[in-house]
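Chains as they are written, first to last, in our numbering: chain B, 3 to 251; chain Z, 3 to 251. Below you'll find the structure, written out as structure tokens, and then a few comments.
2 protein chains.
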Amino acid sequence: MNRIEVLPVPGIPEIRKGSDLGELIVGSLAKVGESLMDGDVVVVKQKAVSKAEGRVVSLSQVEPSRRARALARKEGKDPRLVELILREAVRVVRSGHGVIITQTRHGFVCANSGVDQSNAGVGLAVLLPVDPDRSARRIRRSLEAKSGARLAVVVTDTFGRPWRRGQTDVAIGCSGIVPLVRYAGRRDSYGYALRVTEPAVADEIAGAAELAAGKLDGIPAAVVRGVKYTRGEAGVKSVLMPRRRDLFR
Amino acid sequence: MNRIEVLPVPGIPEIRKGSDLGELIVGSLAKVGESLMDGDVVVVKQKAVSKAEGRVVSLSQVEPSRRARALARKEGKDPRLVELILREAVRVVRSGHGVIITQTRHGFVCANSGVDQSNAGVGLAVLLPVDPDRSARRIRRSLEAKSGARLAVVVTDTFGRPWRRGQTDVAIGCSGIVPLVRYAGRRDSYGYALRVTEPAVADEIAGAAELAAGKLDGIPAAVVRGVKYTRGEAGVKSVLMPRRRDLFR
């Protein structure tokens, strides 16, 4: 029986540049009588990670380019915000209906290069971490040092998807967990090769954590307990579709 | 505290045409000393639902069309399987690298119109349910009658996604739960409109269930307990992106 539990981590104070997320999470869990156990996956939202890493920009400091001004006019957005979106992007994948979908420097395809103004503060925008796999590694080391448990960490953001309305939380960085399970070559009980060969466990963990933490309650972390996973440092970068196999460029 | 639990439902016998999934799930839970509670979301995999509904086709009965034979040759697939894929589809969205991505009659964009040979039996292929929201409704009624609890049901399948390797389980049908949470018009603590307005809870529930049930263990159902959701009968069809807003046709 592979029973899974998801515990939101309540009471984490406002994150500032330099905040030690590992310390804050272990401390907040202790206040509600919880502690981390070997094998737990600690899920941390991107915005908390970005704030701790100082990835916050004041829009008043941003000078929009001509290209940013044109795109901002077309999509009805703040030109300074669009400037940040373009700086974080390697290309614009689509734009329309007030949405700008880009491929970020990391390789993620998402709305607005992940740049976000909600829950940021007046006149501020939050950018994605420079290297979310590295962020996850750093948080994991801090959590392991403070808790004594052997852990995995998944850093998540909220992405839309084509063809379906709504958004799900997905993994943008991870450490201590291999994000895709490999069933390649395995066969079902009839001897057929399994159609599905790589469940994206880190993304499913991200979504499970969102169910517990929600959007409005300001809870930036959750603990997912009981998932069977493979330890490793492939990172979420190993999830990105290689360009030659990408049918949707 | 919004603590969530995911319980796999072990010991469900092989599903046949006409099997009452509600009865099998309640019976299997009872054998491990569990019972359903008000608010539980029961997640059932598509293959079990399709088998119970008799959506199983013998490939030996399928005569491939000229178009199916040509596409099968191009993608290295069984022409009879490609014939079924095309019959289930309203259009081919992309094909390449041995993958045929279609839009199904329901409106889902997925590999092979959801037609699957794994865990089906020799020479057999399993098609998606004709109306997965209706399937979910039927299973919910049976589960509620047998358990006395007020429930939601999500029917799931395993879909790939553009730009990322691997697959996640997503909702293809639901009953008793509104699949998208509406935060439209809500504001964060700084007064900014929330960027993310519609978390796709039914899809996140589907992924959480997959973490517990896995791919290889033949467990077709899981119970997700503790999720806050809105009751309703909008169905997963309400999640499909309207054509006029679809940037990825």
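Just so you know, even glycine gets a beta-carbon here, dropped at the ideal spot from N, CA and C. This one's a predicted model, so the numbers in the text were calculated from it and none came from an experiment.
Fill in: Nearest-angstrom Cα separation, counted from Ala154 (chain B) out to Asp42 (chain B)
The residue labelled residue 42 (chain B) in the question sits at position 40 within the first sequence. The residue labelled residue 154 (chain B) in the question sits at position 152 within the first sequence. Roughly 6 Å between the two C-alpha positions.
Worksheet entry | Reduced DSSP category for Ser52 (chain B) - H, G, I as helix; E, B as strand; rest coil | What you label residue 52 (chain B) is simply residue 50 of the first sequence in a count that begins at 1. Looking at Ser52 (chain B) - three-state DSSP - the assignment turns out to be helix.
Item to complete: Give a yes or no on whether the C-beta atoms belonging to Val64 (chain Z) and Ala74 (chain Z) are separated by under 8 Å.
Response: Indexing the second sequence from 1 puts residue 64 (chain Z) at position 62. Indexing the second sequence from 1 puts residue 74 (chain Z) at position 72. No. Outside cutoff.
Worksheet item: With distances taken between CB atoms, is the gap from Ile174 (chain B) to Val157 (chain B) smaller than 8 Å?
Response: Residue numbering aside, residue 174 (chain B) sits at position 172 when the first sequence is read from its first letter. Residue numbering aside, residue 157 (chain B) sits at position 155 when the first sequence is read from its first letter. Closer than 8 Å, so yes.
Worksheet item: What residues from chain Z crowd round Leu130 (chain B), counting only those whose CB sits closer than 7 Å?
Response: Counting from 1 along the first sequence, the entry for residue 130 (chain B) is found at position 128. Those do not exist, as Leu130 (chain B) stays about 13 Å from chain Z at its closest Cβ, beyond 7 Å.
Discussion item. Counting only Cβ pairs nearer than 8 Å, list the residues of chain Z close to His99 (chain B).
Written reply: Within the first sequence, residue 99 (chain B) is the residue found at index 97, counting from 1. Neighbours of His99 (chain B) on chain Z, chain order: Arg247, Leu249.
Practice prompt. Would you mind stating whether Val172 (chain Z) and Val45 (chain Z) have Cβ atoms separated by less than 8 Å?
Written response: Locating residue 172 (chain Z) in the second sequence gives position 170, counting from the first residue. Locating residue 45 (chain Z) in the second sequence gives position 43, counting from the first residue. No, the pair does not count as a contact, with Cβ atoms beyond the cut-off.
Worksheet item: Gly123 (chain Z) to Phe110 (chain Z), Cα distance in whole Å?
Response: For the purposes of this step, residue 123 (chain Z) is taken as residue 121 along the second sequence, with counting starting at 1. For the purposes of this step, residue 110 (chain Z) is taken as residue 108 along the second sequence, with counting starting at 1. Roughly 25 Å between the two C-alpha positions.
Discussion item. Could you check whether Ile6 (chain Z) and Arg229 (chain Z) sit closer than 8 Å to each other, using their CB atoms as the reference points?
Written reply: Start at 1 with the first residue of the second sequence, and residue 229 (chain Z) comes out as number 227. Start at 1 with the first residue of the second sequence, and residue 6 (chain Z) comes out as number 4. Strictly speaking, residue 229 (chain Z) in this sequence is Val, with Arg absent from that position. Taking a C-beta distance under 8 Å as the contact criterion, Val229 (chain Z) and Ile6 (chain Z) qualify as a contact pair.
Fill in: Residue from Z:Thr199, Z:Thr160, Z:Leu61 whose Cα sits closest to the Cα of Lys79 (chain Z)
Taking the second sequence and counting its residues from 1, one reaches residue 79 (chain Z) at position 77. Of the candidates Z:Thr199, Z:Thr160, Z:Leu61, Z:Leu61 places its Cα closest to the Cα of Lys79 (chain Z).
Item to complete: Give the straight-line distance between the Cα atoms of Leu126 (chain B) and Asp118 (chain B), rounded to the nearest whole angstrom.
Response: Stepping through the first sequence from its first residue, residue 126 (chain B) is reached at position 124. Stepping through the first sequence from its first residue, residue 118 (chain B) is reached at position 116. Each residue's Cα considered, the two are about 9 Å apart.
Fill in: Partner residues on chain B for Gln169 (chain Z), Cβ-Cβ distance less than 7 Å
Within the second sequence, residue 169 (chain Z) is the residue found at index 167, counting from 1. By Cβ distance, chain B contributes Val198, Glu200, Pro201, Ala202.
Item to complete: Identify whether Glu25 (chain B) lies in helix, strand or coil by the three-state DSSP scheme.
Response: On the first sequence, residue 25 (chain B) is found 23 positions in, with the first residue counted as 1. Correct three-state label for Glu25 (chain B): helix.
Worksheet item: In chain order, what residues of the same chain lie with their CB nearer than 6 Å to the CB of Glu212 (chain B), ignoring the 5 residues before and after it?
Response: The residue given as residue 212 (chain B) occupies position 210 in the first sequence. If you ignore the 5 residues before and after Glu212 (chain B), its C-beta comes within less than 6 Å of the C-beta of Asp171, all in its own chain and listed in chain order.
Worksheet item: Using a Cβ-Cβ distance under 8 Å, would Met39 (chain B) count as near chain Z?
Response: Your numbering for residue 39 (chain B) matches position 37 in the first sequence. Not an interface residue.
Fill in: 8 Å Cβ cutoff met for Leu266 (chain Z) and Arg96 (chain B)
The displayed coordinates of chain Z run from 3 to 251. Any statement about residue 266 (chain Z) would go beyond what the structure contains.
Discussion item. Using the three-state DSSP reduction, which class does Glu212 (chain B) fall into: helix, strand or coil?
Written reply: In the first sequence, the residue the question calls residue 212 (chain B) occupies position 210. In this structure, Glu212 (chain B) counts as helix in the three-state DSSP scheme.
Worksheet item: Does the stretch 20-39 of chain B come within contact of the stretch 135-152 of chain B, defined as at least 3 CB pairs closer than 8 Å?
Response: Yes, the stretch 20-39 of chain B touches the stretch 135-152 of chain B.
Item to complete: Give the DSSP-derived three-state secondary structure of Val174 (chain Z) in the structure shown.
Response: The residue labelled residue 174 (chain Z) in the question sits at position 172 within the second sequence. At residue 174 (chain Z) the sequence reads Ile, which differs from the Val that was named. In the structure shown, Ile174 (chain Z) sits in a strand (DSSP, three-state: E or B).
Item to complete: Please list the partners that Pro222 (chain B) has in chain Z, where partner means a Cβ-to-Cβ separation under 9 Å.
Response: Start at 1 with the first residue of the first sequence, and residue 222 (chain B) comes out as number 220. Under the 9 Å cutoff, chain Z gives no residues; its nearest Cβ is about 13 Å from Pro222 (chain B).
Discussion item. Going by DSSP in three states, Pro201 (chain Z) sits in which element: helix, strand or coil?
Written reply: Counting from one through the second sequence, the residue named residue 201 (chain Z) turns up at place 199. Correct three-state label for Pro201 (chain Z): strand.
Discussion item. For a test of the three-state rule: what should DSSP assign to Glu85 (chain B), helix, strand or coil?
Written reply: Looking up residue 85 (chain B) in the first sequence gives position 83. Looking at Glu85 (chain B) - three-state DSSP - the assignment turns out to be helix.
Discussion item. Cβ closer than 9 Å: which chain Z residues qualify as neighbours of Gly78 (chain B)?
Written reply: Start at 1 with the first residue of the first sequence, and residue 78 (chain B) comes out as number 76. Chain-ordered listing is empty here: chain Z has no CB closer than 9 Å to the CB of Gly78 (chain B), the nearest sitting near 13 Å.
Worksheet item: Roughly how many whole angstroms lie between the Cα atoms of Ala224 (chain B) and Gly13 (chain B)?
Response: Here residue 224 (chain B) refers to the residue found at position 222 when the first sequence is read from its first residue. Here residue 13 (chain B) refers to the residue found at position 11 when the first sequence is read from its first residue. Cα atoms of Ala224 (chain B) and Gly13 (chain B): separation of roughly 12 Å, rounded to the nearest angstrom.
Discussion item. Let's test the definition: count the other Cβ atoms within 10 Å of the Cβ of Arg251 (chain Z) and tell me whether it reaches 16, buried, or not, exposed.
Written reply: Start at 1 with the first residue of the second sequence, and residue 251 (chain Z) comes out as number 249. The residue is exposed, with fewer than 16 neighbouring Cβ atoms inside 10 Å.
Item to complete: Sort out for me which residues DSSP pairs Ile6 (chain Z) with in a bridge.
Response: Walking along the second sequence from the start, residue 6 (chain Z) turns up at place 4. Under DSSP, the beta-bridge partners assigned to Ile6 (chain Z) are B:Val8.
Worksheet item: Apart from the five residues just before and just after Val238 (chain Z), which ones in its own chain have a Cβ nearer than 7 Å to its Cβ?
Response: Counted from its first residue, the second sequence places residue 238 (chain Z) at position 236. So the qualifying residues of the chain are Pro134, Asp135, Ala173, Ile174, Gly175, Cys176, Pro181, Ala204.
Practice prompt. Compute the distance between the beta-carbons of Val94 (chain Z) and Thr106 (chain Z), then report whether it is under 8 Å.
Written response: For this step, residue 94 (chain Z) is matched to residue 92 along the second sequence. For this step, residue 106 (chain Z) is matched to residue 104 along the second sequence. No, they are not a contact pair.
Worksheet item: Are Gly162 (chain Z) and Ala113 (chain Z) close, meaning C-beta to C-beta below 8 Å?
Response: Sequence index remark: in the second sequence, residue 162 (chain Z) carries index 160 (1-based). Sequence index remark: in the second sequence, residue 113 (chain Z) carries index 111 (1-based). Pairing Gly162 (chain Z) with Ala113 (chain Z) gives a Cβ-Cβ distance under 8 Å.
Discussion item. Whole angstroms are fine: how far does the CA of Arg89 (chain Z) sit from the CA of Lys47 (chain B)?
Written reply: Here residue 47 (chain B) corresponds to residue number 45 of the first sequence, with the count starting at 1. Here residue 89 (chain Z) corresponds to residue number 87 of the second sequence, with the count starting at 1. So the two alpha carbons sit approximately 42 Å from each other.
Worksheet item: Does any CB atom of chain Z fall closer than 8 Å to the CB of Gly13 (chain B)?
Response: The residue given as residue 13 (chain B) occupies position 11 in the first sequence. No, its Cβ sits nowhere closer than 8 Å to a Cβ of chain Z.
Discussion item. In the DSSP assignment, the alpha helix (DSSP H) including Ala72 (chain B) goes from what residue to what residue?
Written reply: Translated into positions along the first sequence, residue 72 (chain B) becomes position 70. Unbroken alpha helix (DSSP H) run through Ala72 (chain B): 68-77.
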